[in-house]
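Number of protein chains: 2
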Amino acid sequence: MPSTKTQMSKETLLPKLAAHVLQHGLGGASLRPLAKAAETSDRMLLYHFGNKEALIRELLAYIAEVYSTALDMALGDSRPKTRKECFERVLAQGRQPAMQPFMVLWWEIVAGSARGLPGYGEAAGEMITKQLEWLQSQMPADDPDPEGGARYLLTLLEGTLMLGTVGHKQTALEGLLASSLASSLAGEPKGD
Amino acid sequence: MPSTKTQMSKETLLPKLAAHVLQHGLGGASLRPLAKAAETSDRMLLYHFGNKEALIRELLAYIAEVYSTALDMALGDSRPKTRKECFERVLAQGRQPAMQPFMVLWWEIVAGSARGLPGYGEAAGEMITKQLEWLQSQMPADDPDPEGGARYLLTLLEGTLMLGTVGHKQTALEGLLASSLASSLAGEPKGD
DNA sequence: AAGGGATTGTAGCAACTGCTACATTATTGG
DNA sequence: CCAATAATGTAGCAGTTGCTACAATCCCTT
Chain A
1 MPSTKTQMSK
11 ETLLPKLAAH
21 VLQHGLGGAS
31 LRPLAKAAET
41 SDRMLLYHFG
51 NKEALIRELL
61 AYIAEVYSTA
71 LDMALGDSRP
81 KTRKECFERV
91 LAQGRQPAMQ
101 PFMVLWWEIV
111 AGSARGLPGY
121 GEAAGEMITK
131 QLEWLQSQMP
141 ADDPDPEGGA
151 RYLLTLLEGT
161 LMLGTVGHKQ
171 TALEGLLASS
181 LASSLAGEPK
191 GD
Chain B
193 MPSTKTQMSK
203 ETLLPKLAAH
213 VLQHGLGGAS
223 LRPLAKAAET
233 SDRMLLYHFG
243 NKEALIRELL
253 AYIAEVYSTA
263 LDMALGDSRP
273 KTRKECFERV
283 LAQGRQPAMQ
293 PFMVLWWEIV
303 AGSARGLPGY
313 GEAAGEMITK
323 QLEWLQSQMP
333 ADDPDPEGGA
343 RYLLTLLEGT
353 LMLGTVGHKQ
363 TALEGLLASS
373 LASSLAGEPK
383 GD
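Chains as they are written, first to last, in the numbering used here: chain A, 1 to 192; chain B, 193 to 384.
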């Protein structure tokens, strides 16, 4: 009978904890439900992580890491030809149904970051940094300013995503169309 | 003349509850601390609001209302001359120290909205709608497209604010340099 | 095989959660 | 003034919270 009592470590626990948190949120996460999701006991979680705060901190770092490698694997096979195409590609990726749980968690991380909760700010900063790198690598090959353009698109993207989550998706999209940004989105050098 | 003096009602409770929530957050808010902040008992809060969910819902609606009237009173005495000036004015307002507690709460509302918590989405939507109206009323008088421009600036603004809360204020500002606002932003000293 | 550290189970504590039952006081209409 | 209703206080319940004490078991080294 392979009723093997698998030895547990942080490394085996974290993926299950992350899965639970992605589904049920960070704020309401308490030890016993987390332990159940990881097929352990609260006793064990505290044994491995010390206390809840450290657990959340490590969990957030792990999630940021997972997000980072996910972005690495999502590197587009082909470069977009325009900034607009680049923006749309990234926006579409952020709105994939599979991405939804992560997006929901993301805003919780931002909120915790704003409130100064331990670990939140670091994780949020890492994830944004990574996304910026990724975005820059996805910029059109002939873009006159890939670095600044990526930063600009990131700002626009996050604003668009946020408005989307509060029911103003249309507002953001119409804003993009109705501005001189249209040319900027097209990646054409400014002649203004 | 109606009743001479109501001892305690939702109307007298809500401001104190809002103050407490602005300081300590929504997620961790529980009845007894809320009651203490409002100089009552948990018993009374439930008497007036029915249950906690309804309390939070009404509290969020009240906060959205307060925010709305605050924006009304913050109507600029003079119209900005450019979109850039308009953007900077609103951004500066959002970064005032007095605005900080509200900003922190705002991201919690966005997070709750993303998670579908009752009342959060409605409050967030109202607040964004109001901010959009306000922004539109603050657009330059000669703007070719005040409606679309306001939507664009709002998207940019929210992205900028969010990046600021996760430690990427500089990223957003540098991104703006590469945007359609660049012409007016160029040559300005960077501040961080 | 024995010792010893690493790992895990069981039980429980004190504080807190939303909420309720019951009793009491205050206010007001008849 | 008295009764009805609104408003408040007291006490507590059942469940959850993070965390701990204590003991048992595992596995590796000697």
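C-beta atoms are modelled at their ideal positions from N, C-alpha and C, and glycine is treated no differently. The structure presented is a predicted model; accordingly, all values stated were derived computationally and were not measured.
First through last residue of the alpha helix (DSSP H) which encompasses residue i
i	result
A/Ser113	100-115
A/Leu75	Element bounds for A/Leu75: n/a, residue is neither H nor E.
A/Arg32	31-37
A/Gly40	According to the sequence as given, residue 40 of chain A is Thr; it is not Gly. Element bounds for A/Thr40: n/a, residue is neither H nor E.
B/Gly205	Reading off the sequence, residue 205 of chain B comes out as Leu, not Gly. Element bounds for B/Leu205: 202-216.
B/Arg287	No alpha helix (DSSP H) holds B/Arg287; DSSP gives it neither H nor E.
Beta-carbon contacts of residue i that lie in its chain and below 6 Å, excluding the five residues immediately before and after
i	result
A/Met127	Ala64, Tyr67
A/Leu59	Leu17
B/Ala279	The question names Ala, but residue 279 of chain B is Phe in the sequence shown. For B/Phe279, where only same-chain residues beyond five positions count, the Cβ hits under 6 Å are Leu345.
B/Ala370	none
B/Lys228	none
Close Cβ partners of residue i (< 8 Å) along its chain, the five nearest in sequence each way excluded
i	result
A/Pro189	Reliability of the predicted coordinates at A/Pro189 is poor, the pLDDT of 45 falling under 50, and the value obtained from them is presented with this limitation in mind. The residues are Pro144.
A/Leu132	Ala150, Arg151, Leu154
B/Glu339	Gln328
A/Gly76	Arg89, Gln138
Beta-carbon proximity check, residue i vs residue j, cutoff 8 Å
i	j	result
A/Pro97	A/Gln23	no
B/Ala306	A/Val21	no
A/Leu263	B/Leu218	No answer is possible for residue 263 of chain A: the residues shown for chain A start at 1 and end at 192.
B/Glu350	A/Gly159	yes
B/Leu247	B/Asp234	no
A/Gly167	B/Gly313	yes
B/Ala253	B/Gly311	yes
A/Val90	A/Gln136	no
B/Thr232	B/Leu206	no
B/Leu355	B/Gly286	no
B/Lys202	B/Phe241	yes
A/Leu46	A/Leu34	no
Residue i (DSSP reduced to helix, strand or coil)
i	result
B/Val282	helix
B/Gly367	helix
B/Thr321	helix
A/Pro146	helix
B/Leu373	coil
B/Lys273	coil
A/His168	coil
A/Gly121	helix
A/Met139	coil
A/Gly159	helix
B/Gly383	Because the pLDDT of B/Gly383 is 40, which lies under 50, any placement of that residue in the model is unreliable, and the number read from its coordinates should be weighed accordingly. Of the three classes helix, strand and coil, the one that applies to B/Gly383 here is coil, per DSSP.
A/Glu53	helix
Cβ shell of residue i (< 7 Å), same chain only, five flanking positions each side left out
i	result
B/Val302	Ala316
A/Leu71	Lys130, Gln131, Trp134
B/Trp299	Thr357
The ligand ATP heavy atom lying under 7 Å from the CB of residue i
i	result
B/Asp234	No copy of the ligand ATP occurs in the structure displayed, which carries no ligand at all.
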